[in-house]
Amino acid sequence: METMMTVVGSGPLVSCDGPRAAAAAKEQTLVNKTSSSSSSSSSSRLHSKFKPATSVVPSRVGVFWGNEKRAWDCFGKQFVFRKGLKTGVQRHPLTPSKLAIGRFPKGVSTTVMELFCKTDTEHCGAIFEDVPHVTDWLPDLQTYPNPLKFNPAYSAVKQYFVENDAVVTKDAVVKMTTPWEGIHFRRAGPREKIYFRPEEVKACIVTCGGLCPGINTVIREIVCSLWFQYGVRDIIGIVGGYRGFYARNTQTLNPKVVNDIHKRGGTILGTSRGGHDTMKIVDSIEDRDINQVYIIGGDGTHRGADLIYQEIKRRGLKVAVACIPKTIDNDIDIIDKSFGFDTAVEEAQRAINAAHVEAESADNGIGVVKLMGRYSGSIALYATLASRDVDCCMIPEAPFYLEGAGGLFEFVYRRLRENGHVVLVVAEGAGQDLVAQTLESNELIDASGNHLLRDIGHWLSQQMKDHFSKLYKEPVTLKYIDPTYMIRAIPGNAADNVYCTLLAHSVIHGAMAGFTGFTAGPVNNRHCYIPIARAVETQRHVNVSDRMWARLLSSTNQPSFFHDKDLQKRNVMIQTENGDEFTEEEYETNGDSEVNGYTDNGSENLNTEDAEQPALVTTIPPADPNVSQNNHAP
Ligand SMILES: Nc1ncnc2c1ncn2[C@@H]1O[C@H](COP(=O)(O)OP(=O)(O)O)[C@@H](O)[C@H]1O
Ligand SMILES: O=P(O)(O)OC[C@H]1O[C@](O)(COP(=O)(O)O)[C@@H](O)[C@@H]1O
Ligand SMILES: [Mg+2]
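Residues in the sequence shown are numbered consecutively from 1, following full-length UniProt numbering.
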């Protein structure tokens, strides 16, 4: 490796005092110019010995990376690809998409290693899903010392810089016998060397898709961190989402402009759906000499960002593309949780509280609250668990039905009888199949191509009113609350603001270090860089077969709405008017399958004129204060 020391103009920004500062300032003016990226590209940064804390298998532990045909080891001379790297076979064009951290016996041959690397699932070890780096297509880029080294705020921090071979495991829980297995991501954080001279950086920020609490905080912290930590002075905002790249003027951003924007909801840059035109966007990036693109958005935005990154790579530009996952629905996989989610759940409490107060104050009060969640019921789940006032929570992942044994009507009837009121939370994507049965098919999409959902909250409320007014003499009092936009159009809370700050720091450190095509977020509470495409490969859903959903079910005691008839027969306890309890099966065997106005074929025995002797409860009896079927006070 050849290293040239070149004197450049004034250093970035940081002022320090004393002899250490003088030395630091001197060092700051030196640029470490490497003629080859073999020591600076992300591949070589991973050349370190990987040792387990305790050696559970008497084997050698190493780091190698490979694709389907080849494998490189990082410390054994016997492996030919090590030699290949030295002679200049850079990561490019043999860029492996994945890097495996493996364990293999001493003296193992290359052939065996190749076998190990054939598939990701081989027992050779863990998978490292690395992010791209600008040196993948520009191998001879210069590096520069990270100015944070001279920043008094950070220089005191021991081991401030993140080791280049630091990875974070996706699965925190591992087996003792195979602790290395599983997927790993590159740990986020500042690197000792950077690939952009701060004076040359022209950064832009764009926000796309729906709103989310905390977007302004992310914008603020990207601007302030670039400015104060790295000395970047040229930062612009792209106005109005992706289409702003080619259809709108830009906005100059500096710490003064963004000073108090974190106290406001929304995004000061504006946002939009649709309008993604990869070529026009990359043309605009080139024309404006932008070399760092920060994109804040959800799954759709990430798909668009990946196309931008691919086109930038195809054109061979020195431009870093970095995303910050934004989704109120918390539906981006891999990362622990998206920013703004906590704030949204907290705000949802206000709506649930209101529904509860209204329901409690009325005779046979029913409160219905609709919360956001297109395909993921995370907000509804967490808001329900947090509240304890909710009797039943319905989410897209858990189908439910209204009529018949084990259905929602029956459940609501029981809760009214027991508690005098009932509170329902429904995620916007829940029960779409049910709504579709009664409303005309109306396949509408928004400008981004997202399906527009039917209004389950309104539909459900109407169904409840119709059902209970037909069935009982006393009608129910139903209040429907739709706080949809209120929970996302607010500023982030304290915890989300701190989280947004960390996200902003993660992305700027990554971009300055030359990484690109990545999104950032915490995995097991450690911030990581994740390839953009990987982050949206799968969508996060509430897993109704895991313990979190079970916790909700046990907290509300709501029906699980299993369709399996046998399961229902085993689990559904039927209570007769005189208080006797039977399983549905026993009840059927006894020849009387009608309970509380419900028949076993799922249809109500309505109090209509042609029903000869309706065995109905025609009024909802007063609440019994000693009976409560859920875990909250009646
Ligand atoms: N598959 C895609 N390819 C390219 N751009 C996309 C894609 N999906 C969405 N986009 C763009 O991303 C932006 C935001 O997408 P959208 O789905 O509305 O919100 P979100 O990113 O929050 O999911 C829009 O400008 C849209 O045109
Ligand atoms: O009315 P809009 O802006 O299209 O937003 C509605 C949708 O936005 C969401 O909040 C999700 O938006 P994103 O995909 O942009 O994160 C959904 O919950 C909801 O269906
Ligand atoms: Mg989306």
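Idealized CB from N, CA, C, for every residue including glycine.
When the Cα atoms are used, what is the spatial distance from residue i to residue j?
i	j	result
E403	L471	12 angstroms
I334	S376	14 angstroms
K318	I312	8 angstroms
G521	V293	17 angstroms
I238	G270	9 angstroms
N249	I379	36 angstroms
K406	P179	Correcting the residue identity first, residue 406 is Gly in this sequence and not Lys. Distance between the alpha carbons of G406 and P179 is about 44 angstroms.
V321	D342	27 angstroms
T177	D546	24 angstroms
A247	Y485	27 angstroms
V390	F409	16 angstroms
E358	L553	24 angstroms
C224	I281	25 angstroms
E381	G431	Checking the displayed sequence, the identity of residue 381 turns out to be Leu instead of Glu. Going by the C-alpha atoms only, they are around 15 angstroms apart.
V452	R374	The amino acid occupying residue 452 in the given sequence is Leu; Val does not appear at that position. Roughly 9 angstroms between the two C-alpha positions.
T519	H505	12 angstroms
L502	P145	22 angstroms
P152	V162	18 angstroms
V572	R414	Low per-residue confidence applies at V572: pLDDT is 46, beneath 50, and the placement is therefore not dependable, though the value from the model is reported in the following sentence. If I take the Cα positions, the gap works out to 13 angstroms.
residue 660	F150	Limits of the chain in this structure are 1 at one end and 634 at the other, which puts residue 660 out of reach.
S469	L478	11 angstroms
A494	L434	39 angstroms
G449	D260	34 angstroms
G510	N164	12 angstroms
V544	R243	38 angstroms
T438	G429	16 angstroms
L138	R551	51 angstroms
N291	I508	12 angstroms
R315	L226	26 angstroms
Q310	H467	54 angstroms
Is residue j closer than 8 angstroms to residue i when the C-beta atoms are compared?
i	j	result
residue 659	V168	Residue 659 is absent from the structure shown; the chain starts at 1 and stops at 634.
L148	Y195	no
A427	P213	no
L211	I236	no
I487	E347	yes
P491	K263	yes
L416	V368	no
I328	M372	yes
M512	I366	no
A166	R191	no
P198	Y230	yes
V536	I308	no
A489	G266	yes
V131	G517	yes
K193	T135	no
D336	N497	no
E360	H421	yes
residue 657	C392	This structure gives no information on residue 657, because the portion of the chain shown stretches from 1 to 634.
G274	A156	no
A386	P483	no
Report, in whole angstroms, the separation of the C-beta atoms of residue i and residue j, which I expect to be a contact under 8 angstroms.
i	j	result
V218	I324	5 angstroms
F185	I530	5 angstroms
K326	G298	6 angstroms
A355	I481	5 angstroms
H458	G189	That pair is no contact at about 47 angstroms.
C208	F339	Not a contact, Cβ separation roughly 15 angstroms.
S272	G304	About 12 angstroms; that fails the 8 angstroms criterion.
I183	K170	4 angstroms
E443	D363	41 angstroms between Cβ atoms; not a contact.
P396	F561	13 angstroms between Cβ atoms; not a contact.
K370	I456	7 angstroms
With hydrogens ignored, establish whether the beta-carbon of residue i is closer than 7 angstroms to any heavy atom of ligand 5.
i	result
L453	Among the ligands present in this structure, namely ligand 1, ligand 2 and ligand 3, ligand 5 is not found.
4 or more residues per run - each alpha helix (DSSP H) lying fully within the region 132 to 156: 152 to 155
Specify whether the region 194 to 209 and the region 274 to 292 touch according to this definition: at least 3 beta carbon pairs, one from each stretch, less than 8 angstroms apart. yes
Any beta strand (DSSP E) of 3 or more consecutive residues that is wholly inside the region 513 to 547: 518 to 523 and 526 to 531
Where are the beta strand (DSSP E) runs, 3 residues long or more, that stay fully inside the region 216 to 298, in chain order? 234 to 238, 250 to 252 and 292 to 297
Please give me, in chain order, every unbroken run of the beta strand (DSSP E) with length at least 3 that falls completely inside the region 173 to 219. 183 to 187 and 202 to 207
Please list the segments of the beta strand (DSSP E) lying wholly inside the region 382 to 467, counting only runs of 3 or more residues, in order along the chain. 392 to 394 and 421 to 427
Residue ranges of each alpha helix (DSSP H) run of no fewer than 4 residues wholly in the region 324 to 387, ordered along the chain? 341 to 361 and 378 to 387
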